[in-house]
Amino acid sequence: MESISIQQFIIGSIILVAIYVVYQILDYRSSIKRAEKNTQQSQNEVQAQSSPNPEKLEIASLKIMTLNDVQQNNGQNGKKIFIAIKNFVFDVSNSDSYKPDGPYGVFAGHDISISLGKMNLTDEFLDQYGTVTQPEDEIANMNSWFSYFYQRYPVIGRIDDKKQN
Ligand code: HEM
Numbered sequence: 001m002e003s004i005s006i007q008q009f010i011i012g013s014i015i016l017v018a019i020y021v022v023y024q025i026l027d028y029r030s031s032i033k034r035a036e037k038n039t040q041q042s043q044n045e046v047q048a049q050s051s052p053n054p055e056k057l058e059i060a061s062l063k064i065m066t067l068n069d070v071q072q073n074n075g076q077n078g079k080k081i082f083i084a085i086k087n088f089v090f091d092v093s094n095s096d097s098y099k100p101d102g103p104y105g106v107f108a109g110h111d112i113s114i115s116l117g118k119m120n121l122t123d124e125f126l127d128q129y130g131t132v133t134q135p136e137d138e139i140a141n142m143n144s145w146f147s148y149f150y151q152r153y154p155v156i157g158r159i160d161d162k163k164q165n
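In terms of full-length UniProt numbering, the sequence shown is numbered consecutively and its last residue is 165.
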């Protein structure tokens, strides 16, 4: 059998090395593209998770609702779960906390402003926002809960307290 010359061997090796280098470059490029795509995706996800609401809430464009609309949406009969704080209505349907057997199920379908200010989990202080005077520390407490909910859940409307049930 005719053996290959040193020259042929060197050329063959160079070709193999060249193919390997080109393959590595292409693979590197596509892995950069994949990484960029993943980073963009996670940024979008983080953004979606950390701010369900626009940076500046257009209060005027929010749907006007009544307390009764909130009470109707308590997760029963396939309905959504709404809760209201300071007359802003949040859709908390995607949380297990407000389902009937969840730890905060008692809040489903209610205004919980006063309850949050007092850290009270009974039904005693539900639906009382605007009808009672709150001590300063409870207002502060309620306001920080408001920020918590605002970061976590979409605001879908606001209660106009002049509009009757
Ligand atoms: C033994 C007492 C309590 C424990 C161990 C407890 C524990 C927790 C935990 C672990 C969370 C989840 C926090 C997170 O995911 O960021 C949470 C959320 C919450 N807690 Fe409590 N909690 C207690 C009492 C209360 C009380 C008395 C209230 C009354 C207002 C309350 C209202 C809430 C609310 C509104 C949330 C937010 C749930 C959500 O993410 O939608 N908790 N609690």
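Just so it is clear, CB atoms sit at the ideal spot from N, CA and C, and this is done for glycine as well.
Which partner residues does Ile83 have in the DSSP bridge list? Phe90 and His110
For Asn68, which of helix, strand or coil comes out of DSSP? helix
Any chance you could list the alpha helix (DSSP H) runs of at least 4 consecutive residues sitting entirely within the region 104 to 154, in chain order? 113 to 118 and 136 to 152
CB-CB under 7 Å to Pro103, same chain, minus the five flanking residues each way: which ones, in chain order? Ser97
Could you tell me whether the Cβ atoms of His110 and Leu121 are closer together than 9 Å? no
Is the beta carbon of Phe90 less than 9 Å from the beta carbon of Ile156? yes
What do you reckon, is the C-beta of Arg152 under 8 Å from a heavy atom of the ligand HEM? yes
Using a Cβ-Cβ cut-off of 6 Å (strictly less than) and excluding sequence neighbours within five positions of Lys63, which residues of its own chain qualify? Gly157
Own chain residues within Cβ distance below 6 Å of Ser113, not counting five before or after: Ile85, Lys86, Tyr129 and Met142
From the DSSP secondary-structure annotation, give me the bridge partner or partners of Ile15. Ile15 is not bridged to any residue.
Taking 9 Å as the cut-off, decide whether the C-beta atoms of Tyr153 and Asn94 are in contact. yes
How about Ser93: is its Cβ closer than 8 Å to a heavy atom in the ligand HEM? no
At a cut-off of 8 Å, is residue 175 close to the ligand HEM when judged by its beta-carbon and the heavy atoms of the ligand? For the chain, the structure presents residues 1 to 165; residue 175 sits outside this window and is missing.
Helix, strand or coil for Gly78 per DSSP? helix
According to DSSP, what are the bridge partners of Gly157? Val89
Identify which residue in Arg34, Gly117 and Lys99 has its Cα closest to the Cα of Gly78. Lys99
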